[in-house]
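In this note's numbering, the protein residues as written are 18 to 352.
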């Protein structure tokens, strides 16, 4: 099949594109290669994809509607996996307009292209951040998510609403994926695993917010990608039992579905750091700090819908995932 994958030089986009190419699909990659983090890392990911003759790459921004439309028109994709976005909770406090431009206006262009070029299924990235002020654990797609704690989370919630509207109005099958703290080889330098590893190796102090009392449902990249592709392959269906008197937030009368993709096993931040120290054979210098604005204290995914509808649940243990990341990091940076 022919896929458009936006954000194909990004962490999840790269791995997803690689998976699709290895199983024989055609992939049209879109990425603006921006400078939010190390461009050389994005280019190194991209260089692996370009080696495959079934990969076509367009360096452009999803906010450029005319260019996105041309790509859809030229390539007639069967499926779209939309992973391009301005990421990061903390960065949204510094540069909020980047999130509106990319995550709202850019997503609108993707929705319009899917409508106009008869895409069979749109799968898009949401985030566990949408659960915001929720404290009921584990987080379920059945829960209310109307109290985001960052603009990043608000834009992801908006994406879910926009996608539902297009699914309802135009019958476009749409599936949204709430990712829970993806990590692994080729990961993002702005995320905790990358930051901690780099600083420990350089004898720098690591900042530990909320005095180390965070818990995260860390999800290994291979598990994330398996979930993304399985969801994409299973085209969203309308829920014939959906009732406006007792509305299910995760489904609809329209062909619309929401899923959590998480490991279903929250890990304490201090244990996470211990595993990094163990694999580096080096202790970290630690600075304990209070909770930072926009941060969620704990994430914990209920993945029942993923199991029931897709017959899949992420399963890579954190111990193996961090070991694999450290091996990759040392190899990539020749340590």
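Positions of the beta carbon are idealized from the N, C-alpha and C atoms, including for glycine.
Using only CA atoms, which one of 27, 215, 313, 151 lies nearest to residue 107?
Counting from 1 along the chain shown, the entry for residue 107 is found at position 90. Out of 27, 215, 313, 151, 313 has the C-alpha closest to the C-alpha of residue 107.
Return the Cβ separation of residue 337 and residue 227 in integer angstroms, given the expectation that the two are a contact with Cβ distance under 8 Å.
On the chain shown, residue 337 is found 320 positions in, with the first residue counted as 1. On the chain shown, residue 227 is found 210 positions in, with the first residue counted as 1. Incorrect: roughly 26 Å between the Cβ atoms, too far for contact.
What do you get for residue 89, buried or exposed, if any count of 16 or more other CB atoms within 10 angstroms of its CB means buried?
Taking the chain shown and counting its residues from 1, the one referred to as residue 89 is at position 72. Counting Cβ neighbours within 10 Å, residue 89 comes out buried, since at least 16 surround it.
By how many angstroms is the C-alpha of residue 97 removed from the C-alpha of residue 254?
Position 237 of the chain shown, counted from the first residue, corresponds to residue 254. Position 80 of the chain shown, counted from the first residue, corresponds to residue 97. About 16 Å.
Neighbourhood of residue 316 by C-beta distance below 6 Å, restricted to the same chain and skipping five residues each side
Working through the chain shown from its first residue, we reach residue 316 at position 299. Cβ neighbours of residue 316 beyond the five flanking positions: 145, 197, 233, 234.
Report, in whole angstroms, the separation of the C-beta atoms of residue 101 and residue 47, which I expect to be a contact under 8 Å.
Taking the first residue of the chain shown as 1, we reach residue 101 at position 84. Taking the first residue of the chain shown as 1, we reach residue 47 at position 30. About 7 Å; that satisfies the 8 Å criterion.
Would you please state the rounded distance, in angstroms, between the beta carbons of residue 191 and residue 170? I believe it to be under 8 Å.
Here residue 191 refers to the residue found at position 174 when the chain shown is read from its first residue. Here residue 170 refers to the residue found at position 153 when the chain shown is read from its first residue. Actually they do not touch by this definition, with Cβ atoms about 19 Å apart.
C-beta atoms of residue 141 and residue 99 nearer than 8 Å
Here the question's residue 141 lines up with position 124 in the chain shown. Here the question's residue 99 lines up with position 82 in the chain shown. Less than 8 Å divides the Cβ of residue 141 from the Cβ of residue 99.
By how many angstroms is the C-alpha of residue 225 removed from the C-alpha of residue 291?
As a position in the chain shown, residue 291 is number 274, starting the count at 1. As a position in the chain shown, residue 225 is number 208, starting the count at 1. For residue 291 and residue 225, the distance between alpha carbons rounds to 13 Å.
Per DSSP, the bridge partner or partners of residue 48
Translated into the one-based positions of the chain shown, residue 48 becomes position 31. Note: residue 48 sits in a beta bridge opposite 76.
How big is the Cα-Cα spacing for residue 95 and residue 248?
By one-based count along the chain shown, residue 95 stands at place 78. By one-based count along the chain shown, residue 248 stands at place 231. Their Cα atoms are separated by approximately 14 Å.
Below 8 Å on the Cβ atoms is my contact criterion, and I expect residue 136 with residue 50 to pass it. Report the Cβ-Cβ distance as a whole number of Å.
The count along the chain shown starts at 1 and reaches residue 136 at position 119. The count along the chain shown starts at 1 and reaches residue 50 at position 33. Wrong, their Cβ atoms sit about 24 Å apart, outside the cutoff.
CB residue 267 to CB residue 159, shorter than 8 Å?
Position 250 of the chain shown, counted from the start, is the residue given in the question as residue 267. Position 142 of the chain shown, counted from the start, is the residue given in the question as residue 159. Yes; because the gap between Cβ atoms is below 8 Å, this pair is in contact.
Counting pairs of beta carbons, one from the stretch 205-224 and one from the stretch 178-187, are three or more of them closer than 8 Å?
No: the two stretches stay apart, fewer than three of their Cβ pairs being nearer than 8 Å.
Given a cut-off of 8 Å on the beta-carbon distance, is the pair residue 272 and residue 238 in contact?
What you label residue 272 is simply residue 255 of the chain shown in a count that begins at 1. What you label residue 238 is simply residue 221 of the chain shown in a count that begins at 1. In this structure, residue 238 does not lie closer than 8 Å to residue 272 by Cβ.
DSSP state of residue 142 mapped onto helix, strand, coil:
Counting from 1 along the chain shown, the entry for residue 142 is found at position 125. Residue 142 falls in the strand class under three-state DSSP.
Do residue 335 and residue 284 have their CB atoms nearer than 8 Å?
Here the question's residue 335 lines up with position 318 in the chain shown. Here the question's residue 284 lines up with position 267 in the chain shown. Cβ distance < 8 Å, so residue 335 and residue 284 count as in contact.
Quick check on residue 99: does DSSP put it in helix, strand or coil?
Here residue 99 refers to the residue found at position 82 of the chain shown. In the structure shown, residue 99 sits in a strand (DSSP, three-state: E or B).
Enumerate, from N- to C-terminal direction, the unbroken alpha helix (DSSP H) stretches of 4 or more residues contained entirely within the stretch 175-229.
209-218
Counting along the chain, where does the alpha helix (DSSP H) carrying residue 297 start and finish?
To locate residue 297, count along the chain shown from 1; it is residue 280. Per DSSP, residue 297 belongs to the alpha helix (DSSP H) from 286-297.
Could you give the residue range of the alpha helix (DSSP H) that holds residue 40?
The sequence position of residue 40 within the chain shown is 23, counting from 1. Taken as a continuous stretch (DSSP letters only), residue 40 belongs to no alpha helix (DSSP H), as it is neither H nor E.
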